Amino acid sequence: MSEDNNKNYYLGYGIGFGLLGGALLAVLLGFILDTPLVWAFAPGFGMLAGIIIGNIMDANKNNKE
């Protein structure tokens, strides 16, 4: 039962750090592009990238076990 709780361990980190990275990317792109669409799309794309990377890391971890 306790092994099932840690099955998607990296997914949470991927979401959190992806959202943070996307927000930082929005700040940097906000200096260059003067549009509010950067704040709409950059954190979402960062979180999507974090979800994908977290799932890949979890899949590789679960294959080793």
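Quick note, the sequence shown lines up with residues 11 to 75 if you use my numbering.
The C-beta atom is built at its ideal place from N, Cα and C for all residues, glycine as well.
These numbers come from a predicted model, not from an experiment.
Taking DSSP as the reference, what is the three-state secondary structure of residue i?
i     : result
Lys17 : coil
Out of the options, point me to the one whose CA is closest to residue i's CA.
i     : options                    : result
Gly31 : Thr45, Phe55, Ile66, Asn65 : Phe55
Leu35 : Ala50, Asn18, Tyr23, Lys17 : Ala50
Met57 : Phe27, Lys17, Asp44, Tyr19 : Phe27
Gly24 : Ile61, Thr45, Ala52        : Ile61
At the 8 angstroms Cβ level, is residue i part of the contact set with chain B, yes or no?
i     : result
Ile62 : Included in the structure is just one protein chain, with no chain B present.
Roughly how far, in whole angstroms, is the beta-carbon of residue i from the beta-carbon of residue j, given that I think they are within contact range, below 8 angstroms?
i     : j     : result
Leu29 : Pro53 : 6 angstroms
Minimum length 3: unbroken beta strand (DSSP E) runs contained in the stretch 38-71: Within the stretch 38-71, complete beta strand (DSSP E) segments of at least 3 residues are not found at all.
The stretch 62-72 touching the stretch 15-25, judged by at least three CB pairs closer than 8 angstroms: yes
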